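Here the structure is laid out as structure tokens; the discussion comes afterwards.
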Amino acid sequence: MRLKVTINGEPRTADDVWEGESLLYALRERFGLPGSKNACEQGECGSCTVYLDDTPVCACLVAAGQAEGRAVRTVEGLAEGDELDPVQEAFVEAGAVQCGFCTPGLIVAAHDLLRRVERPTDPEIREALAGNLCRCTGYEQILDAVRLAAGKNR
Amino acid sequence: MTAPTTTTLAGGVGSSARRPDGALKARGEFAYSSDLWHADMIWGTTLRSPHPYARIRGIDITEALRVPGVYAVLTHRDVPGANRYGLERPDQPVLAVDVVRYEGEPVALVAADHPETARRALGRITVDYEVLDPVTDAEAAVHGRVPALHPDGNVVRHVRVRHGGPDVSAAVVVSGEYEVGMQDQAFLGPESGLAVPAEDGGVDLFVATQWLHVDQSQVASALGLPLDKVRLSLAGVGGAFGGREDLSMQVHACLLARYTGKPVKMVYNRQESFFGHVHRHPAKLYYEHGADADGRLVYVRARTYLDGGAYASSTPAVVANAATLGAGPYDVPNVAIDCWGAYTNNPPCGAMRGFGAVQAAFAYEAQMDKLAAALGLDPVELRMRNAMAEGSVLPTGQMVDSPAPVAELLDRVRRKPLPKSTMDSFDLRAMPGGVANTTHGEGVVRGVGYAVGLKNICFSEGFDDFSTARLRLSIVGGEPSVSVRTAAAEVGQGLVTVEQQIVRTELGVRRVTIAPADTGVGSGGSTSASRQTYVTGGAVKAGCAAVRARVLRLAADKLGVPQRELALLDGQVRGPDVTVDLADLLGDEVIEETVRWRHRATEPIDPLTGQGNAHVQYGFAAHRAVVDVDVELGLVRVVELACAQDVGRAMNPQAVLGQIHGGSAQGLGLAVMEEIQIADGRIRNPSFTDYLIPTMLDMPPMDVDVLELADPHAPYGLRGVGEPPTISSTPAIVAAIRAATGRELSRTPVRPEHITGT
Chain U
1 MRLKVTINGE
11 PRTADDVWEG
21 ESLLYALRER
31 FGLPGSKNAC
41 EQGECGSCTV
51 YLDDTPVCAC
61 LVAAGQAEGR
71 AVRTVEGLAE
81 GDELDPVQEA
91 FVEAGAVQCG
101 FCTPGLIVAA
111 HDLLRRVERP
121 TDPEIREALA
131 GNLCRCTGYE
141 QILDAVRLAA
151 GKNR
Chain R
1001 MTAPTTTTLA
1011 GGVGSSARRP
1021 DGALKARGEF
1031 AYSSDLWHAD
1041 MIWGTTLRSP
1051 HPYARIRGID
1061 ITEALRVPGV
1071 YAVLTHRDVP
1081 GANRYGLERP
1091 DQPVLAVDVV
1101 RYEGEPVALV
1111 AADHPETARR
1121 ALGRITVDYE
1131 VLDPVTDAEA
1141 AVHGRVPALH
1151 PDGNVVRHVR
1161 VRHGGPDVSA
1171 AVVVSGEYEV
1181 GMQDQAFLGP
1191 ESGLAVPAED
1201 GGVDLFVATQ
1211 WLHVDQSQVA
1221 SALGLPLDKV
1231 RLSLAGVGGA
1241 FGGREDLSMQ
1251 VHACLLARYT
1261 GKPVKMVYNR
1271 QESFFGHVHR
1281 HPAKLYYEHG
1291 ADADGRLVYV
1301 RARTYLDGGA
1311 YASSTPAVVA
1321 NAATLGAGPY
1331 DVPNVAIDCW
1341 GAYTNNPPCG
1351 AMRGFGAVQA
1361 AFAYEAQMDK
1371 LAAALGLDPV
1381 ELRMRNAMAE
1391 GSVLPTGQMV
1401 DSPAPVAELL
1411 DRVRRKPLPK
1421 STMDSFDLRA
1431 MPGGVANTTH
1441 GEGVVRGVGY
1451 AVGLKNICFS
1461 EGFDDFSTAR
1471 LRLSIVGGEP
1481 SVSVRTAAAE
1491 VGQGLVTVEQ
1501 QIVRTELGVR
1511 RVTIAPADTG
1521 VGSGGSTSAS
1531 RQTYVTGGAV
1541 KAGCAAVRAR
1551 VLRLAADKLG
1561 VPQRELALLD
1571 GQVRGPDVTV
1581 DLADLLGDEV
1591 IEETVRWRHR
1601 ATEPIDPLTG
1611 QGNAHVQYGF
1621 AAHRAVVDVD
1631 VELGLVRVVE
1641 LACAQDVGRA
1651 MNPQAVLGQI
1661 HGGSAQGLGL
1671 AVMEEIQIAD
1681 GRIRNPSFTD
1691 YLIPTMLDMP
1701 PMDVDVLELA
1711 DPHAPYGLRG
1721 VGEPPTISST
1731 PAIVAAIRAA
1741 TGRELSRTPV
1751 RPEHITGT
């Protein structure tokens, strides 16, 4: 099938998409956007989190065809040119990035949290990001990053 | 004159310099092994055995070859070189021949134009299996009551440690049987890579691994190619924790690429990943501790069985650790430990963070608590009375010749203020059971537990453990710049950051680039055993010394000043009456030095007594865990984890904390949730739905003290950091649950039914 999606503000088209492909597969293998990660491909780890029409979703759980005609914003669409988004900047500064495989999904999830809640408490951060697994950091420096980014929001 | 040889340039050793790859990773632009793409690329997949143990009567690939879009279907007949590989022993087939020894063993390969085409073709391969009864009990496998799975029997290795006298007795004796479940590394980036056939008949492989050169030699052997025809480059690695020491898809992708003449990408999904790498050895441990009436340890006797599964992997070295470190960080005059690693038909087990020390610590720390109870002593007091210190002698007869602040670490975590009762500021999210709303405090009991552990750092037992660094100093855009090239794998721990820091400190050069790691330079050794900052860091430091000597020689010649009067500082060569910028001194000249660096040598252990100077260095960490347990439902919430660890020198304090936090989290997982559940040789939970790793809601705040007591034998005095926190975290948490519940809890991970007794 042919797939038409707006990705990070740009209209994109892919041909010969198999109906069983996920949005994650389409982003990674057809649109050259591998920033959204393939850690579990069953909605448990959050590393493929993207905005679909402004709602964060696990791209692995969305069929590519479900994104037809809709707008997707991925981790690659957060920075403004050379300038990192404040959430991205905070992750790097706080040491929240080790292997980094969870980082794109966590950054999108944290970005969404900080849009909704300007100054989240620690329990709010933990609850909001509990769907994003990280195996390297034990989450302490991810909490630091979100607190830091919340401060930068101001 | 005695010139200072290091500078205080920003971003040097001891600073929390930023990762050079941090921004790329945060942007989603860092290329991991599963992100690679090549024009004309096709996809490889693996057919795996559905049986833990079976004879293969025949394989029919005819129907699979008929699937449109399929380029190749390969079996063992297509392996051109040795169809046997392994980290320490070549006992594992690249593709099974006439027998499969574990569920998930690779049997055939398919390459196709789309992963779905390949998956469908796998379904059309017919394998005729004669199913056999699997051997699933390691202890039974060792003692010969079952069929031999390999020609030399089922014992991979037996290590005996005999220290002091054999027939001592003690006033107070405690014993116990302990069990550790099978843990998974659960790195997030799946096994993956891209193999590209080359015009010279060789192959270029881009892959996520922990040791490029050991992969290279195994791949070349299986392909029947000389080493220089198999070139490996490190792709982005999404975590490792030991699970990438063994080969997974490396040979398979190269075989398919050579057979089809096309670039082949292979990416495991999460379920396949559970079958595609080795796990932490499950263990059964029998311990007896004897002490005098004052609580001084008189003896430790232990028998430990580690289930190595179907193939050897790194089991021999894991056995050595569990045996030689089996008495813990204590002075014990009499030790008799036997540790066996067994072949079974369970999933193969090998390296995971903590590597044999984790299993032993769960048992010896439970024993220390039991002993304290028998003596009526405080558990921390008992540990401090027996704590190893610098000058202590291990059960191997090896003297500890650098700081070993075991008592201080315990004292530090003990003195930290305890967290307040959760009921002081009620929040459902802080309750055991969390937002499942299972309790508002009824039935919730608090417990506190302590543990301390030790881990050998770097490779042991006489292994020639070295790393190689190539440094290139040149003037780029009028500014001195150093490029560092090694084959050492950055897997997330931050080696690339530390390499930059070392160069900045040693040479005073701000601009340091880290070249991609590949086999075009000498081996960096494995990214394991907490060794890379020590060994590759040591190689980079030595490389800097070689470059500095060249610069000063050049300056001495040009300036006519004796070399000994010159120093390289902050990008300048300075002498008594002269200062010259590196840029002016070097001009177009390039200084390149390649250095191979080793830590001090170790020795093998005696096969009968386990005696020998087998280890290079030890890392120590202590934890205090505070838990709330819902004793009615058996649910646990870890309220706080306090940790103290000696790191010798905090090369990058932020990264050190990150290692301690992350290691503690993996220990928490093993304490309360993480286990690959095996029944009759089969994995019952190969997914992140059923194999649970800690989330941000499961992890408590961690209060960490970092000590920096220099090891005089190590570069900068540093001590490997990654593994020690994983070792003491688990027993501290389980001790806290015991304190809360009064249950014996001799098995980890602790399940709800162990707490409720139902």
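Residue numbers (this note's numbering), protein chains in the order written: chain U, 1 to 154; chain R, 1001 to 1758.
Think of the CB as a built atom: it goes at the ideal place given N, C-alpha and C, for glycine as much as any other residue.
Small disclaimer: the values here were computed from a predicted structure and weren't measured.
Residues within the segment 1692-1718 of chain R neighbouring chain U, beta-carbon criterion of under 7 angstroms: Ile1693, Thr1695, Met1696, Leu1697, Met1699, Met1702
Three-state class that DSSP yields for Ser1481 of chain R in the structure shown: strand
Within chain R, partners of Gly35 of chain U - CB distance below 9 angstroms: Arg1027, Gly1028, Glu1029, Phe1030, Asp1035
Complete runs of the beta strand (DSSP E) confined to the segment 1151-1212 of chain R [at least 3 residues]: 1155-1163, 1172-1180, 1192-1197, 1203-1207
Among R:Val1672, R:Gln1501, R:Asn1154, nearest to Val1135 of chain R - alpha-carbon criterion: R:Asn1154
Partners in chain R for Phe91 of chain U, counting only beta-carbon separations shorter than 7 angstroms: Ala1026
Ordered list of alpha helix (DSSP H) runs contained in the segment 1229-1270 of chain R, each at least 4 residues: 1250-1260
Proximity of Leu1409 of chain R and Ala1622 of chain R at Cβ, strictly below 8 angstroms: yes
Simplified DSSP state of Arg1548 of chain R, which is helix, strand or coil: helix
Residues from the segment 1605-1632 of chain R in contact with chain U, defined by Cβ distance under 7 angstroms: none
Strand pairing of Phe1466 of chain R, partner residues [DSSP]: R:Arg1598
Span of the beta strand (DSSP E), counted from its first residue to its last, around Lys4 of chain U: 3-7
Cutoff 8 angstroms: Pro123 of chain U Cβ touching any chain R Cβ: yes
Interfacial residues, the segment 137-151 of chain U to chain R, with Cβ spacing under 9 angstroms: Thr137, Gly138, Tyr139, Glu140, Gln141, Ile142, Leu143
Pairwise C-alpha distance: Ser1467 of chain R and Ala1517 of chain R: 12 angstroms
Check whether Thr1730 of chain R and Ala1671 of chain R have beta carbons under 8 angstroms apart: yes
Where Gln88 of chain U meets chain R, residues with beta-carbon distance less than 8 angstroms: Ala1023, Ala1026, Arg1027
Cβ-based burial, Thr1344 of chain R [other Cβ within 10 Å; buried from 16]: buried
Option nearest Gly1326 of chain R by Cα separation, candidates R:Met1352, R:Val1318, R:Ala1360: R:Ala1360
Whether Ser1015 of chain R touches Ser1192 of chain R by CB criterion (8 angstroms): no
Nearest neighbour of Met1702 of chain R, chosen from R:Ala1710, R:Gln1645, R:Gly1477 [CA to CA]: R:Gln1645
Ala163 of chain U: first and last residue of the uninterrupted beta strand (DSSP E) it sits in: The shown model of chain U, from 1 to 154, leaves out residue 163 of chain U, and the question about it has no answer.
Ala1366 of chain R and Ser1746 of chain R closer than 8 angstroms at C-beta: yes
Partners in chain B for Phe101 of chain U, counting only beta-carbon separations shorter than 7 angstroms: Looking for chain B here will not work: the only protein chains present are U and R.
Close Cβ partners of Glu1490 of chain R (< 6 angstroms) along its chain, the five nearest in sequence each way excluded: Val1496
Neighbourhood of Pro1333 of chain R by C-beta distance below 6 angstroms, restricted to the same chain and skipping five residues each side: Gly1164
Ala1317 of chain R vs Ile1337 of chain R beta-carbon contact at 8 angstroms: no
Tyr1364 of chain R: first and last residue of the uninterrupted alpha helix (DSSP H) it sits in: 1357-1375
Nearest-angstrom Cα separation, counted from Ser1421 of chain R out to Pro120 of chain U: 23 angstroms
Own chain, CB closer than 7 angstroms to Met1 of chain U, minus 5 neighbours either side, in chain order: Val17, Glu19, Gly65
Chain R contact residues for Glu76 of chain U, given Cβ-Cβ distances below 8 angstroms: Arg1027, Gly1028, Glu1029
Reference Leu1507 of chain R; option with closest CA among R:Gly1525, R:Ala1515, R:Gly1494, R:Ser1483: R:Ser1483
Among R:Ser1314, R:Tyr1299, R:Ala1310, the one whose alpha carbon lies nearest that of Gly1328 of chain R: R:Tyr1299
Per-residue DSSP class, three states only, for Arg1649 of chain R: coil
Inside the segment 1069-1124 of chain R only - beta strand (DSSP E) runs reaching at least 3 residues: 1070-1074, 1106-1112
Proximal chain R residues relative to Pro120 of chain U, where beta-carbon distance stays under 8 angstroms: Here the premise fails: no neighbours, minimum Cβ distance about 12 angstroms.
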